[in-house]
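**Student:** Start counting the sequence shown at 680; every next residue gets the next number (our numbering).
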Amino acid sequence: MSAAPVRFASGGRGYDTRNCASVTKEAAMEKLGVIGGMGAEATSYYYDQVVRHTAAACDQEHIDMVVLSKSTMPDRTLAIKTGEHAKLLATMKECAQALESLGCAHIAIPCNTSHYFYDQIQSFTKVPIIHMPRESVRYALAGAVMGECEFDPNLSMPAEPVRKIGIMGTDGTVGAGVYGRECKAAGVEVVYPSEKRQNDVMSLIYDDVKAGREPDMDKFDRVMWEFARSGCDRVILACTELSVLQKYREMPEITLDAMDVLVRESIIRCGAPYRL
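1) Let's see if you can read the secondary structure: which residues bound the alpha helix (DSSP H) around Val940?
2) Got a sec? Which residues, its chain only, sit under 6 Å from Ile808 by beta carbon, not counting five neighbours each side?
3) Quick test of the definition: if touching needs 3 or more C-beta pairs under 8 Å, does the segment 716-727 touch the segment 736-753?
4) For Arg842 and Asp912, which I take to be in contact (beta-carbon distance under 8 Å), what is that distance rounded to the nearest angstrom?
5) Report all residues from its chain with a CB closer than 6 Å to the CB of Ala951; omit the five preceding and five following residues, and keep chain order.
6) Name the two residues that bound the continuous alpha helix (DSSP H) containing Leu767.
7) Using only CA atoms, which one of Ser945, Tyr818, Val888 and Glu944 lies nearest to Ile933?
8) Assuming contact is defined by CB atoms lying nearer than 9 Å, are Val713 and Leu778 in contact in what I supplied?
9) Where does Tyr953 land, buried or exposed, given buried means 16+ other C-beta within 10 angstroms?
10) What does the alpha-carbon distance come out to for the pair Gln739 and Val888?
11) Nearest by alpha-carbon distance to Val853: which of Met744, Arg755 and Val730 is it?
12) Considering only their Cβ atoms, is the gap separating Leu820 from Ala865 smaller than 9 Å?
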């Protein structure tokens with residue numbers, strides 16, 4: 680990358696509340712709204728990451744957040760496959776408008792598959808919604824990899840051009856081309872798993888993570904091996920359930936977690952400094 684990552688630190692201030700005496704938070708930062716619960720653990724992980732990566736020395740330097748954990752949201756992949764969108768969109772509309780009424784200036788949806796409905800959800804509110812797949816492809820092309828979302832993608836370039844991006848996501852995300860459209864618009868080739876390996880991805884998401892079980896990382900390894908054989912320069916973890924795999928295994932260097940991108944964009948758009 681041509682530009683070194685910009686890191687933010689507290690300057691050794693620790694948690695001395697005197698450092699926050701002059702903070703006028705309302706003027707400095709904007710409120711973040713979150714449509715969550717898809718799934719519950721992914722939303723919990725997202726919230727934790729926003730807190731951890733906000734360069735705050737005290738409570739008052741964190742972002743005000745409103746998290747709607749809508750676990751009763753209809754399954755996104757099922758809605759895409761069946762074409763039964765009405766109930767899901769009605770719930771999304773309710774959430775988006777509730778966040779707007781509560782004064783949120785930005786909305787994040789920590790669920791990749793939901794972005795199939797992005798344009799419709801955005802039409803429900805004047806509050807800008809962060810487009811996680813679009814931003815993730817932008818970061819990947821700028822050279823971002825796992826744990827390197829602290830650099831500005833507008834100022835960074837990869838040492839080697841990114842020509843192929845593998846997508847590891849739900850059947851809904853893959854089949855509906857949620858990331859395929861963004862890759863095409865960016866002029867990069869998208870690679871999806873074979874049917875057998877896609878079954879491994881779905882099993883990781885639904886049978887393991889969503890079910891509260893420890894993930895079988897052999898499934899992950901099989902998918903990554905196939906991506907490597909296909910010549911992928913980057914692999915985007917395009918399902919927020921896959922983000923929790925970092926708890927069990929260090930991720931390969933070519934992977935980029937869409938959740939990491941959403942976390943960074945959420946923080947900087949609200950006006951807070953990001954730290955690694």
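The beta carbon of each residue, even a glycine, is placed where N, CA and C say it ideally should be.
If you're wondering where the values come from, they're calculated on a predicted model, not measured in any experiment.
**Tutor:** According to the structure data:
1) Ala937 to Arg948
2) Answer for Ile808: Ile786 and Gln801, listed in chain order.
3) yes
4) 6 Å
5) For Ala951, the CB contacts under 6 Å within the same chain, skipping 5 residues up- and downstream, are Met708, Thr733 and Ile742 in chain order.
6) Ala765 to Ser780
7) Tyr818
8) yes
9) Buried is the call here.
10) 34 Å
11) Arg755
12) The answer is yes: Cβ separation under 9 Å.
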